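Structure record follows, encoded as structure tokens.
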Amino acid sequence: MDQFATKGSDPSFLTIEQWARKIEEALERPNVVGPIRNIRDDDRREFDAIFIGGGAAGRFGSAYLRALGGRQLIIDRWPFLGGSCPHNACVPHHLFSDCAAELMLARTFSGTLWFPDMTGRTTSIKEVVDLFRRGRTGPHAVMNYQSKEQLDIEFVLNASARILDAHTIEAAGEIFRARTLVLALGSKPIRLNTLGRDLHGIHDYATLVETLDREPGEAIVVVGGSKTAVEYGCFFNATGRRVIMLVRDRLLKLINDGETRTYAIDRMREQGIKILEGATVSAILGDAEGRVARVVADTPSGELEIATDFVFQALGERPRSRLAVEALGVAIDDSGAVVVDEQLRTSIPDVYAVGDLIGAPMEMFKARKSGAYAARAIMGEKVSYRPSDWPDFLHTHYEVSWLGLGEEEARARYRSVVILKMPPDNPNGLDIGLPASDRTMLYAMAHPHMSGFQKLVLDGKTRRVLGAHHVGYGAKDAFQYLNVMVKKGLTIDELAEMDELFLNPTHFIQLSRLRAGHRELRSL
Ligand SMILES: Cc1cc2nc3c(=O)[nH]c(=O)nc-3n(C[C@H](O)[C@H](O)[C@H](O)COP(=O)(O)OP(=O)(O)OC[C@H]3O[C@@H](n4cnc5c(N)ncnc54)[C@H](O)[C@@H]3O)c2cc1C
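To convert a position in the sequence shown, counted from 1, into this note's numbering, add 967.
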């Protein structure tokens, strides 16, 4: 067992490079490396909390609790802190989405300007996956280094936790006791429950990066219609493959503005993705070697058989609550999420739950914030946390960002809705290269309709912003700050008063300035 002494005594110190090597080794041979233990021997206090799970929720909760002067311990079965986001979820998703955007550009301008001829070329998915697997250790190492050397977090890694009671955990052959327990166990992908579900060649976001052992063929079936399905589907498509999406309900129904959703989906179709809504998988048929050969789907126009050797399932995630239910009997809801109050307390005294384990929204901001709020509650602060009105985004080949109300909901709730948008409605059909900004300039000049879409929804009476929507690149950052201002009552006049940096991706400031002079606001 690896023992780190207290901070300051050199034998325990690992550089980021040494951490990287240790993590690699532990991922390859977990039992040989054994538990990685960082417990201070200069602090004899009882732990205020043991966090089971050192993902975003457990790590941020731990850092916050430590900063407040408390003592914490993280136990995680992986040899690194940070959890699924940098290991198999968000970070590969962003790599794949970056590739999708780059490849769409390369294919659109294939053989022109400085772009190579992409005609008939399929690019490797496996090479990108392998690239990710080689590259992910660096961020893992930074998180271990930062947690130990800079945040003073105590941990036992590469060791599963067993819950004995609400104050006692067994891990790495040791018993640990704490005043409270924080469950931060995350979620896992929901898998298909159809005939053939165990055939080789069926992947989800986790197995794709862990076990992909050969290059997918020319056709890929994606099952699902929300963020992960679309993000991975667009990447597969951008590599030059035929992608067929089987969507049980409606594609991307989480985008709450109709025109924005339509723009995003139209571009996906234009890139060649076949989208079948109202379609479900009835069976997956294999070949003699046990590999996927065909997918049988029920669609509104009848049964369909698709030849493929690769199925990507993206049916959502289920909170990993079984361990806590079996050991403690914590209450869960129908989705398997641990039920918590606004202090993140579960149904069992002194047991808290955070992150994906407590259900939607399963996003990083909620994981990190709920961890920090639980820490504050444990350290005696009066807190209340219930996520609401957060900005959101996803990737197609583009970035799609939104906040507040879509136009339809705004019109249902307000009498004088005003819309500022680009491109404007264009009955004559002229292909307009606006909005345009960094990363869409080439489209704006050569394929104008591909240069994005944006919309600001306003209440004409109060002049307040009700919602904002964007398809393009580079607006996401603005949305996280804009959302705070919108919640505080941002008006068109305040937007018009800001100093924009030309050529900004959302154009909201200059559009507002064009209209703010009107006493009676008008759409644009
Ligand atoms: C494909 C995909 C893309 C995503 N992209 C984004 C994005 O772009 N932006 C965004 O905001 N969110 C994104 N998310 C969501 C985000 O990844 C999660 O919300 C976040 O990682 C949840 O953090 P967590 O700490 O709750 O769980 P996790 O990070 O999963 O941490 C749980 C930890 O518990 C540990 N554990 C489990 N069981 C045990 C045990 N018995 N003993 C010890 N340890 C245990 C695990 O090893 C793990 O480290 C994405 C999710 C997916 C699936």
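Even for Gly, the Cβ is constructed at its ideal location relative to N, Cα and C. Note that this is a predicted model, so its numbers are computed, not measured.
Answer with yes or no whether the minimum CB distance from residue i to chain D is below 9 Å.
i	result
Leu1118	Here there is only one protein chain, and chain D is not present.
Report yes if the C-beta distance between residue i and residue j is below 9 Å; otherwise report no.
i	j	result
Val1189	Phe1203	yes
Val1453	Thr1227	no
Ile1459	Arg1482	yes
Gly1020	Gly1050	yes
Pro1402	Pro1390	yes
Glu1270	Thr1104	no
Phe1063	Ala1231	no
Ala1126	Ile1042	yes
Phe1475	Leu1488	no
Gly1028	Ser1351	no
Pro1380	Leu1372	Checking the sequence shown, residue 1380 turns out to be Arg, not Pro. Yes, Cβ-Cβ distance for Arg1380 and Leu1372 is below 9 Å.
Glu1121	Phe1047	no
Thr1206	Ser1077	no
Gly1245	Val1149	no
Going by C-alpha distance, which of the options is nearest residue i?
i	options	result
Thr1089	Met1071, Thr1104, Gly1434	Met1071
Arg1287	Ser1029, Asp1405, Val1306, Ile1273	Val1306
Tyr1319	Ile1299, Asp1233, Leu1098, Asp1097	Ile1299
Lys1115	Phe980, Arg1164, Ala1205	Phe980
Ser1418	Gly1400, Arg1129, Gly1484, Glu1461	Gly1400
Arg1353	Ala1339, Lys1194, Arg1380	Ala1339
Arg1431	His1437, Pro1053, Tyr1410, Leu1457	Leu1457
Asp1119	Asn1125, Ser1127, Met1110, Ala1294	Met1110
Tyr1172	Val1058, Ser1091, Leu1131	Val1058
Ser1302	Glu1293, Leu1035, Lys1155	Lys1155
Asp1276	Arg1258, Arg1285, Leu1218, Glu1293	Arg1258
Asp1010	Leu1040, Asn998, Ala993, Trp986	Leu1040
Asn998	Ala1133, Arg1209, Leu1124	Leu1124
Arg1129	Ala1445, Leu1243, Ala1139	Ala1139
Lys1388	Arg1406, His1437, Ala1379	His1437
Leu1468	Gly1484, Gln1447, Ser1404, Ala1411	Ser1404
His1060	Lys1194, Ala1334, Trp1357	Lys1194
Glu1284	Ser1268, Leu1159, Thr1135	Leu1159
Pro1106	His1134, Pro1053, Thr1075	Pro1053
In angstroms with no decimal places, state the Cα-to-Cα distance between residue i and residue j.
i	j	result
Glu1375	Asp1224	7 Å
Leu1175	Val1384	45 Å
Gly1153	Gly1322	6 Å
Asp1359	Gln1238	24 Å
Val1262	Asn1055	26 Å
His1362	Arg1007	43 Å
Ile1017	Ala1186	47 Å
Ile1211	Ala1196	11 Å
Lys1241	Ile1169	19 Å
Glu1141	Tyr1199	41 Å
Arg1495	Ile1157	Only positions 968 to 1491 of the chain appear in the structure, and residue 1495 is not among them; the question remains open.
Ala972	Ala1151	With a pLDDT of only 45 at Ala972, under 50, the local geometry of the prediction cannot be trusted, and the value read off the model is given with reservation. So the two alpha carbons sit approximately 26 Å from each other.
Lys974	Leu1470	Since pLDDT at Lys974 reaches only 48, below the 50 mark, its modelled position is unreliable, and no value is offered.
Ala1068	Pro1316	48 Å
Arg1038	Leu1282	38 Å
Leu1520	Cys1201	The requested residue 1520 does not occur in the structure, where the chain is confined to residues 968 to 1491.
Arg1422	Gln1477	The question names Arg, yet the displayed sequence has Lys at residue 1422. Taking the straight line joining both Cα atoms gives about 13 Å.
Gly1439	Leu1397	20 Å
Glu1464	Arg1480	7 Å
Gly1191	Met1329	17 Å
Gly1434	Asp1065	26 Å
Arg1144	Gln985	30 Å
Val1248	Lys1349	48 Å
Arg1236	Tyr1365	13 Å
Ala1274	Gln1280	16 Å
Glu1256	Ala1250	17 Å
Leu1162	Arg1217	24 Å
Lys1266	Leu1131	The amino acid at residue 1266 is misidentified as Lys; the sequence shows Thr. C-alpha separation (whole angstroms): 48 Å.
Ile1386	Gly1484	15 Å
Ala955	Trp1081	The first residue shown for the chain is 968 and the last is 1491, placing residue 955 beyond what the model contains.
Arg1164	Glu1094	25 Å
Ala1334	Thr1147	19 Å
Arg1033	Trp1045	21 Å
Open item on the list: I want to know whether the segment 1425-1433 touches the segment 1309-1320 - three or more CB-CB distances under 8 Å.
Closed with: no
Open item on the list: Below 8 Å, how does it come out for the segment 1166-1186 and the segment 1341-1353: are there three or more Cβ pairs, yes or no?
Closed with: no
- [ ] Please confirm if the segment 989-1008 is in contact with the segment 1105-1123, defined as three or more CB-CB distances below 8 Å between the two stretches.
- [x] yes
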